[in-house]
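Peer 1: Before I ask anything, let me first share the structure, which is written out below as structure tokens.
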Amino acid sequence: MTFKEKIYIHYTQMVQDRIDVFRDMITNLTEDSKNDAKGSAGDKHETALSMMHIEQEKLTNKLKEAIAQIAVLDKIDPLKTTENIILGSLVKANGIYLYVSVALPKIAIDGINVIALSPQSPLGNHLMGNKAGFQFEINKTHYTIQSVE
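For what it's worth, this note's numbering labels the leading residue of the sequence shown as 89, then goes sequentially.
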């Protein structure tokens with residue numbers, strides 16, 4: 089398995105795990121609100137239900153975001169390599185590995201740090217369509233693309 093495939097699998101699993109956790113939390117909140125509705129009455133009950141509903145909305149929004157992230161990751165073929173940077177490219181610039189996909193936390197694969205970034209981010213936007221050797225500057229930091237996979 090290539091380094092790029094390991095990165096793809098790790099990020100896909102990370103997002104899928106988040107989806108599963110959010111779904112479980114939403115299910116638990118729904119169950120709690122049903123159980124709470126059976127034995128309570130009054131202002132405290134209404135406040136508790138309202139708080140549960142707000143929390144459920146927050147979790148639903150986080151779930152939607154994670155589902156959108158997995159949809160982007162599903163479009164990526166981890167075996168595809170191109171000369172120009174596209175969605176799914178693994179880029180080495182200034183000694184840093186950048187995975188052009190969706191904005192996700194930094195990970196370490198085989199002891200090497202990798203940062204996932206969105207093509208819409210300022211750095212991702214400068215990378216898209218370019219190839220090894222391209223140089224640019226963002227926020228007074230000079231970048232040189234060393235390699236593209």
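The beta-carbon is built from N, C-alpha and C at its ideal position, and this holds for glycine as well.
Quick caveat: nothing in here was measured; it's all calculated off a predicted structure.
Can you check DSSP and say which residues form a bridge with Q223?
Peer 2: Against the sequence shown, residue 223 aligns to sequence position 135. DSSP, once it has assigned bridges, lists T232 as partnering Q223.
Peer 1: With DSSP run on the structure shown, which of helix, strand or coil describes V262?
Peer 2: Any answer about residue 262 is impossible in this case: the structure gives the chain only from 89 up to 237.
Peer 1: By how many angstroms is the C-alpha of S209 removed from the C-alpha of F224?
Peer 2: Numbered from its first residue, the sequence shown carries residue 224 at position 136. Numbered from its first residue, the sequence shown carries residue 209 at position 121. Straight-line Cα distance between these residues: approximately 15 Å.
Peer 1: Is it the case that the Cβ atoms of I173 and V236 are separated by a distance below 7 Å?
Peer 2: Position 85 of the sequence shown holds residue 173. Position 148 of the sequence shown holds residue 236. Result yes, Cβ atoms of I173 and V236 sit closer than 7 Å.
Peer 1: With H, G and I counted as helix, E and B as strand and the rest as coil, what does DSSP make of P166?
Peer 2: In the sequence shown, residue 166 corresponds to position 78, counting from 1. Of the three classes helix, strand and coil, the one that applies to P166 here is coil, per DSSP.
Peer 1: Distance, Cα to Cα, L175 vs M216?
Peer 2: Counting from one through the sequence shown, the residue named residue 175 turns up at place 87. Counting from one through the sequence shown, the residue named residue 216 turns up at place 128. Their Cα atoms are separated by approximately 8 Å.
Peer 1: Give a yes or no on whether the minimum CB-CB distance between Q157 and chain C is below 7 Å.
Peer 2: Checking the listed chains, one finds no chain C in this structure; it contains a single protein chain.
Peer 1: Alpha carbon to alpha carbon, what distance is there between L192 and K228?
Peer 2: Walking along the sequence shown from the start, residue 228 turns up at place 140. Walking along the sequence shown from the start, residue 192 turns up at place 104. Their backbone Cα atoms lie some 24 Å apart in a straight line.
Peer 1: List the endpoints of the continuous beta strand (DSSP E) containing P193.
Peer 2: As a working note, residue 193 is residue 105 in the sequence shown. Start and end: L192 to I197.
Peer 1: Among the residues of its own chain, which have a CB less than 6 Å from the CB of S177, if the five just before and after it don't count?
Peer 2: Along the sequence shown, read from residue 1 onward, the residue named residue 177 stands at position 89. Cβ neighbours of S177 beyond the five flanking positions: V188 and V236.
Peer 1: Have a look at I226, I203, G221 and N201 and flag the residue whose alpha-carbon is nearest the alpha-carbon of N213.
Peer 2: For this step, residue 213 is matched to residue 125 along the sequence shown. Measuring from the Cα of N213, the nearest candidate turns out to be I226.
Peer 1: Please confirm if the region 133-150 is in contact with the region 193-201, defined as three or more CB-CB distances below 8 Å between the two stretches.
Peer 2: No: the two stretches stay apart, fewer than three of their Cβ pairs being nearer than 8 Å.
Peer 1: Which residue marks the beginning of the alpha helix (DSSP H) containing L215, and which one marks its end?
Peer 2: One-based indexing of the sequence shown puts residue 215 at position 127. First-last of the alpha helix (DSSP H) with L215: P210 to L215.
Peer 1: Give me whichever residues DSSP pairs with V109 in a beta bridge.
Peer 2: Numbered from its first residue, the sequence shown carries residue 109 at position 21. According to DSSP, V109 bridges with nothing at all.
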